[in-house]
Amino acid sequence: MRKIAVLTSGGDAPGMNAAIRGIVRVGIKRGFEVYGVYEGYQGLVANQIEKLGYSDVSEVLAKGGTLLQSSRLLEFKEDAVQEKAIQNLKKRGIEGLIVIGGDGSYRGALALSRKGINCIAIPGTIDNDIHGTDETIGFHTALNNIIDAVNKLRDTSSSHHRCFVVEVMGNHADNLAIYAAIACGSEVVITDKTGYDENQIIELLKVNEKEYHKRHAIVIVSERILDVERLAQRISEETGFSGRSIVLGHIQRGGTPTPEDRILASRMAEAAVHLLLERKTGLCVCLKDSKIVAKSIDDALNEENENHEELYKLFYDLV
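Here the sequence shown is numbered in our numbering, starting from 1 and rising by one per residue.
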């Protein structure tokens, strides 16, 4: 194997550039020609593949997003689409592919590995919801972005007797919400694990205001669970707080990656290149108990999601 490629797929995550940089530089030092696939699996099918050198990944370590760009291609589940991608790789003599992304990206890598392409997956998502690994590239940066925003909101909320209802990303993954709730000292956290009782939340805020004499409050909510604007209006109507809602949205994805994400991405990149040197395939790089390990993608996808019972217990003990 002399030629390998790298692509980023799905939602972008801060630290992806650090992983690309690591793959290119470690790959070249190990004797590989390294190619970048632009626009994810879509670019693989469209043959948007270019050779990368040292200078192509200079000064990208501190940049968010992904220099290779990303996309989602639902049609990649189809055999004919996968075959077109494989032919594009074979025409260039590329035998190994490293895929950086979430569980959908993992499934694409697994499909290609079953058809003869040596594929290694690296977990890149701000949601930290990839099975098999303790942490994913991008999670720490997104969490820092949330904490920075909430800290600023708390400054103004204490000045105006306000309660901010803050929606964070994650959907059915509760990592960002529960970690942010603890780190920011929020009064309430709402995820698909907590359930949602609006009356109970209103009563809790009343207690915080009247019994504990709090001048401000923060409610952290995972996206797609409730209408944050509606909850904020009810808080204004039924408590002494002035309710305000804010959806942080894609601001959570942006910004310079934290040192944790840069280091994790670099470690995982090096491990992925070494796995291709050994002609391994169908594996994903994981962080388990602070160590970099490799697992079968199939096994990782079928593992249970991390249960955050201890974190929820801690949160409720602190509020």
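Don't be surprised by glycine CBs; every beta carbon is placed ideally from N, CA and C.
Computed from a predicted model, the values in this text were never measured in an experiment.
Cβ separation of residue i and residue j, assumed to be a contact under 8 Å, to the nearest whole Å
{"i": "I190", "j": "S159", "result": "So it is not a contact: roughly 25 Å between Cβ atoms."}
{"i": "A217", "j": "L231", "result": "Contact doesn't hold; Cβ gap of about 12 Å is too wide."}
{"i": "G43", "j": "L74", "result": "Actually they are not in contact, since the Cβ atoms of G43 and L74 sit about 15 Å apart, beyond 8 Å."}
{"i": "L311", "j": "I178", "result": "5 Å"}
{"i": "C184", "j": "I235", "result": "That pair is no contact at about 18 Å."}
{"i": "L277", "j": "N118", "result": "That pair is no contact at about 10 Å."}
{"i": "L89", "j": "A181", "result": "Not really, about 44 Å apart at Cβ, beyond 8 Å."}
{"i": "R30", "j": "V273", "result": "6 Å"}
Beta-carbon proximity list for residue i, same chain, < 7 Å, skipping 5 on both sides
{"i": "D127", "result": "M169, G170, A173, N175 and L176"}
{"i": "S105", "result": "S9, G10, V99 and A121"}
{"i": "R21", "result": "V57, V60 and L61"}
{"i": "E238", "result": "I202"}
{"i": "F241", "result": "H161, R162, C163, L205, E209, A217 and I235"}
{"i": "R154", "result": "H216 and I218"}
{"i": "G27", "result": "I4, V34 and V273"}
{"i": "K115", "result": "Q82 and I86"}
Proximal residues to residue i (C-beta, below 6 Å), its chain only, five neighbours per side dropped
{"i": "A339", "result": "In this structure the chain extends from 1 to 319, so residue 339 is not present and cannot be described."}
{"i": "G108", "result": "Y41 and F76"}
{"i": "E167", "result": "V221, E223, V228 and V247"}
{"i": "K193", "result": "D174"}
Beta-bridge partners of residue i, as assigned by DSSP
{"i": "F164", "result": "I218 and R244"}
{"i": "Y35", "result": "A5 and K51"}
{"i": "I122", "result": "I100"}
{"i": "C286", "result": "V293"}
{"i": "V188", "result": "V219"}
{"i": "I137", "result": "G124"}
Candidates the options: closest to residue i by CA position
{"i": "G132", "options": "Y316, K291 and Y179", "result": "K291"}
{"i": "S296", "options": "S245, A121 and G96", "result": "A121"}
{"i": "R244", "options": "E237, Q233 and Q252", "result": "Q233"}
{"i": "S113", "options": "I147, E95 and I182", "result": "E95"}
{"i": "Y54", "options": "A46, V24 and T256", "result": "V24"}
{"i": "L68", "options": "G195, D79 and D56", "result": "D56"}
{"i": "N145", "options": "K313, V26, T256 and E304", "result": "T256"}
{"i": "H213", "options": "Q252, E198, H161 and V165", "result": "H161"}
{"i": "I263", "options": "V188, I251, L287 and Y196", "result": "L287"}
{"i": "S186", "options": "K3, D317 and I28", "result": "D317"}
{"i": "K91", "options": "K3, P123 and S71", "result": "K3"}
{"i": "D129", "options": "G254, K313 and A300", "result": "A300"}
{"i": "G282", "options": "G93, S157, K313 and A111", "result": "A111"}
Contacting residues, own chain, Cβ-Cβ under 8 Å from residue i (five flanking each side not counted)
{"i": "T125", "result": "G10, G11, A13, G101, G102, T136, I137, G138 and F139"}
{"i": "N302", "result": "H131"}
{"i": "N151", "result": "C184"}
{"i": "N307", "result": "none"}
{"i": "A84", "result": "The amino acid occupying residue 84 in the given sequence is Lys; Ala does not appear at that position. For K84, where only same-chain residues beyond five positions count, the Cβ hits under 8 Å are V45."}
{"i": "Y196", "result": "I190, I225 and L226"}
heavy atom of the ligand SAH below 7 Å from residue i C-beta
{"i": "R92", "result": "Here there are no bound small molecules, and the ligand SAH is not part of this structure."}
Report task. Specify whether the region 135 to 144 and the region 9 to 16 touch according to this definition: at least 3 beta carbon pairs, one from each stretch, less than 8 Å apart. Result -> yes
Query raised in the report: Just checking, does the region 48 to 59 make contact with the region 20 to 38 on the three C-beta pairs under 8 Å criterion?
Result: yes
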